[in-house]
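Trainee:
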Amino acid sequence: MREMTASHPEDWVDSHGDALFRFALIRVRKTEIAEDLVQETFLAALKESSPFASGSAQLTWLTGILRHKIADHFRKKAREASFTDLGFCECEFSEKFHKGFWNHDLGPKDWGQNPAAAVESGEFLQTLDNCLHKLPDRVAAIFSLREIDETPGTEVCTMLGISESNLWTMLHRARMALRECLEKNWFAAP
Amino acid sequence: MNPFQKIGTLFKLAASPQCAEISRILSRCQDTPLPWILRRRLEWHLAACEWCRRYADQISLLGYFARQFSSQSCESGKKKLSPHTAERIKNKLRDAKK
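Protein chains in written order, with my numbering: chain A, 102 to 291; chain B, 2 to 99.
Encoded structure:
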């Protein structure tokens, strides 16, 4: 029955609304913005004729439209105010280094034989979610564009109007903070 | 950044292979190909520094973690559109179709 009806735009909301909402929420982090982007996605999709009757191909098509909506949202934010955030963790990591070299008590700890397998644990993913939420909005947006969506760095710079060196600095601090947070709360948690 | 500043930065980075600077370069090489001189410096440093090798391995996992988190959350996450929002969107779609 679903196969018969899922091509109706209103059924898209029941079939794919939650998945699209979660996709947007991970990237923009605010419920109201994610909801608006999902709505804009469905309205934009309505103007095109769906090439797919239902199912995962239809979700992939809608996700493609949502990706563009999210990029437009970030572009708009960047036009309103600078996307550069160099205040985050500016001095935070200085104690990790002594005269430029790792302070061995505070440096990276051993994460064990197979740290990649951590993603099989729901608790780990929750820890990662908590750690991502500790990043400031603009830093998190840049991290998700680069690492989740694998958008090329030059494209991120053009989209957000930031310089390459500022992009690298923000990503460096995001990675250092995220690595540290995962280590403290998962890999070397007491 | 003008060409002279770029060359200056390259020399500074290449000439100071301390862990703090190496951690920056390791992050940068996730985003862009490194100039030859920086790649060599990085290789020499990593060959000798267990701490930076560990750091390199760990930050290269962060993207994998984030992508797995994203795909698993989209497929089976607990968060949902509220019934009120879902209804609002359906109404908008009905209006737009008229």
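Heads up, the beta-carbon is just placed ideally off N, CA and C, and yes, glycines get one too.
Values in this document were obtained by computation on a predicted structure and should not be read as measured data.
#1: On the CB-based measure, 16 or more other CB atoms within 10 Å of its CB, does Pro18 of chain B come out buried or exposed?
#2: Does the separation of the CB atoms of Leu160 of chain A and Ala135 of chain A fall below 8 Å?
#3: May I ask you to verify whether the segment 245 to 265 of chain A touches the segment 193 to 206 of chain A, counting CB pairs closer than 8 Å and requiring at least 3?
#4: What residues in its chain sit with their C-beta under 7 Å from that of Asp96 of chain B, if we drop five residues either side in the sequence?
#5: Please classify Phe198 of chain A: does DSSP put it in a helix, a strand, or coil?
#6: What do you get for Trp37 of chain B, buried or exposed, if any count of 16 or more other CB atoms within 10 angstroms of its CB means buried?
#7: With a cut-off of 8 Å, does the C-beta of Phe189 of chain A fall near any C-beta of chain B?
#8: Check the DSSP bridge columns for Trp162 of chain A and list the partner residues they point to.
#9: With 16 as the cutoff for other CB atoms within 10 Å, does Trp113 of chain A come out buried or exposed?
#10: Can you tell me whether DSSP reads Trp113 of chain A as helix, strand or coil?
#11: For Thr106 of chain A, count neighbouring Cβ atoms within 10 angstroms of its own Cβ and tell me buried if that reaches 16, exposed if not.
#12: Applying a beta-carbon distance threshold of less than 7 Å, which residues of chain A neighbour Glu44 of chain B?
#13: Does the beta carbon of Leu47 of chain B come closer than 8 Å to any beta carbon on chain A?
#14: With distance defined between alpha-carbon atoms, name the residue in B:Pro4, B:Glu44, B:Gln6, B:Gln31 nearest to Thr270 of chain A.
#15: When DSSP labels each residue in this structure, what does Ala107 of chain A get in the three-state scheme?
#16: Any beta carbon from chain B within less than 8 Å of Met260 of chain A's own beta carbon?
#17: Can you find a CB in chain B that lies within less than 8 Å of the CB of Arg168 of chain A?
#18: Less than 8 Å between CB atoms is the rule here; does Arg247 of chain A satisfy it with respect to chain B?
#19: Measuring only the C-alpha atoms, how far is Thr142 of chain A from Trp162 of chain A?
#20: In terms of residue numbering, what span does the alpha helix (DSSP H) encompassing Cys53 of chain B cover?
#21: To which residues of the same chain is Leu126 of chain A closer than 6 Å at the C-beta, ignoring the five residues directly before and after it?
#22: DSSP has Trp203 of chain A in a bridge; who is on the other side?
#23: Using a Cβ-Cβ cut-off of less than 7 Å, give me the residues of the segment 28 to 44 of chain B that come near chain A, in sequence order.
#24: Check Arg168 of chain A in the structure and name its three-state DSSP category.
#25: Relative to the alpha-carbon of Leu279 of chain A, which residue among A:Asp230, A:Thr259, A:Thr255 has its alpha-carbon at the smallest distance?
#26: Leaving out the 5 sequence neighbours to the left and right, which residues in its chain are closer than 8 Å to Ile26 of chain B when beta-carbon positions are compared?
#27: Residue range of the alpha helix (DSSP H) that Pro84 of chain B falls in?
#28: From what residue to what residue does the alpha helix (DSSP H) around Gln19 of chain B run?
Mentor: Put simply:
#1: Looking up residue 18 of chain B in the second sequence gives position 17. It is buried - the Cβ of Pro18 of chain B has at least 16 other Cβ atoms within 10 Å.
#2: For the purposes of this step, residue 160 of chain A is taken as the residue at position 59 of the first sequence. For the purposes of this step, residue 135 of chain A is taken as the residue at position 34 of the first sequence. Contact: no.
#3: no
#4: Along the second sequence, one-based indexing puts residue 96 of chain B at 95. The answer is none, since no qualifying residue turns up.
#5: Within the first sequence, residue 198 of chain A is the residue found at index 97, counting from 1. Of the three classes helix, strand and coil, the one that applies to Phe198 of chain A here is strand, per DSSP.
#6: Along the second sequence, read from residue 1 onward, the residue named residue 37 of chain B stands at position 36. Looking at its Cβ environment, which holds fewer than 16 other Cβ atoms inside 10 Å, Trp37 of chain B is exposed.
#7: As a first step, residue 189 of chain A must be located in the first sequence, where it is residue number 88. No, Phe189 of chain A lies away from the interface with chain B (no Cβ there is under 8 Å from its Cβ).
#8: To locate residue 162 of chain A, count along the first sequence from 1; it is residue 61. BP columns for Trp162 of chain A are empty, so no partner.
#9: In the first sequence, residue 113 of chain A corresponds to position 12, counting from 1. So Trp113 of chain A ends up on the buried side.
#10: Within the first sequence, residue 113 of chain A is the residue found at index 12, counting from 1. Helix at Trp113 of chain A.
#11: Here the question's residue 106 of chain A lines up with position 5 in the first sequence. Only weak support exists for where Thr106 of chain A lies, its pLDDT of 40 falling under 50; the coordinates are left without a value.
#12: Position 43 of the second sequence holds residue 44 of chain B. What Glu44 of chain B touches in chain A: nothing, since even the nearest Cβ is about 18 Å away.
#13: As a position in the second sequence, residue 47 of chain B is number 46, starting the count at 1. It does not: the Cβ of Leu47 of chain B has no partner Cβ on chain A nearer than 8 Å.
#14: Reading the first sequence from its first residue, position 169 is the one you call residue 270 of chain A. Among B:Pro4, B:Glu44, B:Gln6, B:Gln31, the Cα nearest to that of Thr270 of chain A is on B:Gln31.
#15: For the purposes of this step, residue 107 of chain A is identified with residue 6 of the first sequence, where counting begins at 1. With a pLDDT of only 44 at Ala107 of chain A, under the threshold of 50, the placement of this residue in the model should not be trusted, and no figure is reported.
#16: Looking up residue 260 of chain A in the first sequence gives position 159. Answer no: the Cβ-Cβ gap between Met260 of chain A and chain B never drops below 8 Å.
#17: Counted from its first residue, the first sequence places residue 168 of chain A at position 67. No - not a single Cβ of chain B is within 8 Å of the one on Arg168 of chain A.
#18: Translated into the one-based positions of the first sequence, residue 247 of chain A becomes position 146. Output row for Arg247 of chain A: interface = yes.
#19: In the first sequence, residue 142 of chain A corresponds to position 41, counting from 1. In the first sequence, residue 162 of chain A corresponds to position 61, counting from 1. Between Thr142 of chain A and Trp162 of chain A, the C-alpha separation is close to 10 Å.
#20: By one-based count along the second sequence, residue 53 of chain B stands at place 52. Counting along the chain, the alpha helix (DSSP H) containing Cys53 of chain B begins and ends at 51 to 77.
#21: Locating residue 126 of chain A in the first sequence gives position 25, where the first residue counts as 1. So the qualifying residues of the chain are Ala135.
#22: For this step, residue 203 of chain A is matched to residue 102 along the first sequence. In DSSP, Trp203 of chain A forms a bridge with A:Phe198.
#23: Ser28, Arg29, Asp32, Thr33
#24: Here residue 168 of chain A is taken as the residue at index 67 of the first sequence, counted from 1. Reduced to three states, the DSSP call for Arg168 of chain A is helix.
#25: Walking along the first sequence from the start, residue 279 of chain A turns up at place 178. When each option's Cα is compared against that of Leu279 of chain A, the closest is A:Asp230.
#26: In the second sequence, the residue the question calls residue 26 of chain B occupies position 25. Only Leu14, Leu35, Leu39, Arg42, Leu43 meet the Cβ criterion.
#27: For the purposes of this step, residue 84 of chain B is identified with residue 83 of the second sequence, where counting begins at 1. It spans 84 to 98 - the alpha helix (DSSP H) in which Pro84 of chain B sits, taken as one unbroken run.
#28: For the purposes of this step, residue 19 of chain B is taken as residue 18 along the second sequence, with counting starting at 1. Where Gln19 of chain B is concerned, there is no enclosing alpha helix (DSSP H), given that its DSSP letter is neither H nor E.
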